[in-house]
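Take 6 as the starting number for the sequence shown in the numbering used here and just add one per residue. In this text, a Cβ means the ideal position worked out from N, Cα and C, and glycines have one as well.
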Amino acid sequence: MSKKSGRSKPARSDRQVIATNRKARHNYNIKDTYEAGISLMGTEVKSLRDGQASIVDGYAMFSGNELWLENVYIPEYGYGTWTNHLARRKRKLLLHRSELNKLKRELDAAGTTIVPLSLYFRDGKAKVEIALAEGKRDYDKRHALREAQDKREAQRAMREANRRGKSML
Numbered sequence: 006m007s008k009k010s011g012r013s014k015p016a017r018s019d020r021q022v023i024a025t026n027r028k029a030r031h032n033y034n035i036k037d038t039y040e041a042g043i044s045l046m047g048t049e050v051k052s053l054r055d056g057q058a059s060i061v062d063g064y065a066m067f068s069g070n071e072l073w074l075e076n077v078y079i080p081e082y083g084y085g086t087w088t089n090h091l092a093r094r095k096r097k098l099l100l101h102r103s104e105l106n107k108l109k110r111e112l113d114a115a116g117t118t119i120v121p122l123s124l125y126f127r128d129g130k131a132k133v134e135i136a137l138a139e140g141k142r143d144y145d146k147r148h149a150l151r152e153a154q155d156k157r158e159a160q161r162a163m164r165e166a167n168r169r170g171k172s173m174l
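Encoded structure:
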């Protein structure tokens, strides 16, 4: 006889993205990324399920041995009562102790910070993708924009040449 696993349904690993921080990849060099759980109140979860949140101004800081997500905007739940939450309160991030220790060591280096990249639901649980990042200088940002623009122009030229049936060589 074959042995059955304990699960009756296959696990869903798809991500239902709520909010992304597109400015983070422009303003920072991303060194490493982590997926962290986030400790939320019930009305915060309901508000996130409505698809409203902003993590653009967010960052993470250590307070003691715990990592806290600050300045993330989750609006008050419309049907909430006196149990409603504050929109910009500190929220605890849930990571393994080894990951927290590694982040704390890396954060001691000058010019590094922890920024949220995206906020999403995975398997019904709210998760946040955080990144250990270094700030970019203005000329680095201009250089990255110029490279992206050059790449787009090259792609357009190749596509146009392929449409005409001519070789670029």
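Look at the Cβ atom of residue i, then the Cβ atom of residue j, and state whether they are nearer than 9 angstroms.
i   : j    : result
L99 : G42  : yes
Y82 : N76  : no
W73 : K97  : yes
E71 : V133 : no
Just the C-alpha distance for residue i and residue j, rounded to the nearest angstrom, thanks.
i    : j    : result
S21  : R54  : One point to set straight first is that residue 21 is Gln, not Ser, in the sequence displayed. Rounded to the nearest angstrom, the two C-alpha atoms are 10 angstroms apart.
V50  : S59  : 14 angstroms
D145 : N34  : 10 angstroms
S123 : K28  : 11 angstroms
G170 : K156 : 21 angstroms
Y78  : E152 : 33 angstroms
A114 : Y64  : 16 angstroms
G147 : W87  : Sequence check: residue 147 is Arg here, not Gly. Each residue's Cα considered, the two are about 48 angstroms apart.
Y125 : M46  : 16 angstroms
T38  : Q154 : 26 angstroms
K14  : R168 : Low confidence applies to K14: its pLDDT is 48, below 50, so where it sits in the model is not reliable enough to give any reading.
E158 : A131 : 39 angstroms
Q160 : D143 : 26 angstroms
R94  : A162 : 49 angstroms
K103 : H31  : Note that residue 103 is Ser in the sequence shown here, rather than Lys. The alpha-carbon atoms of S103 and H31 are separated by roughly 29 angstroms.
D128 : S68  : 29 angstroms
H101 : A149 : 34 angstroms
Excluding the five sequence neighbours on either side, which residues of its own chain have a C-beta within less than 8 angstroms of the C-beta of residue i, listed in chain order?
i    : result
G116 : E139, G140
I119 : Y64, A65, M66, L72, L108, L112, I135, A136, L137, A138
S44  : R96, K97, L98, L99
Among residues of its own chain, excluding the 5 on either side of residue i, which ones have a beta-carbon nearer than 6 angstroms to its beta-carbon?
i    : result
K2   : Nothing about residue 2 can be read from this structure; the chain reaches only from 6 to 174.
R164 : none
D62  : N76
For residue i, write down the residues that DSSP places opposite it in a beta bridge.
i    : result
D145 : Paired residues: none, contrary to the question.
D37  : L137
R27  : Note: R27 sits in no beta bridge, so no partner.
V22  : Y125
G42  : L99, K132
Identify, in the order they occur along the chain, each residue of the same chain with its Cβ nearer than 7 angstroms to the Cβ of residue i, setting aside the five sequence neighbours on each side.
i  : result
S7 : Bear in mind that a pLDDT of 45 at S7, under 50, signals an unreliable position, so the model cannot answer this.
Taking only runs that begin and end inside the stretch 53-136, name each unbroken beta strand (DSSP E) of 3 or more residues, in chain order.
Within the stretch 53-136, the complete beta strand (DSSP E) runs of at least 3 residues are 64-68, 71-75, 96-99, 117-127.
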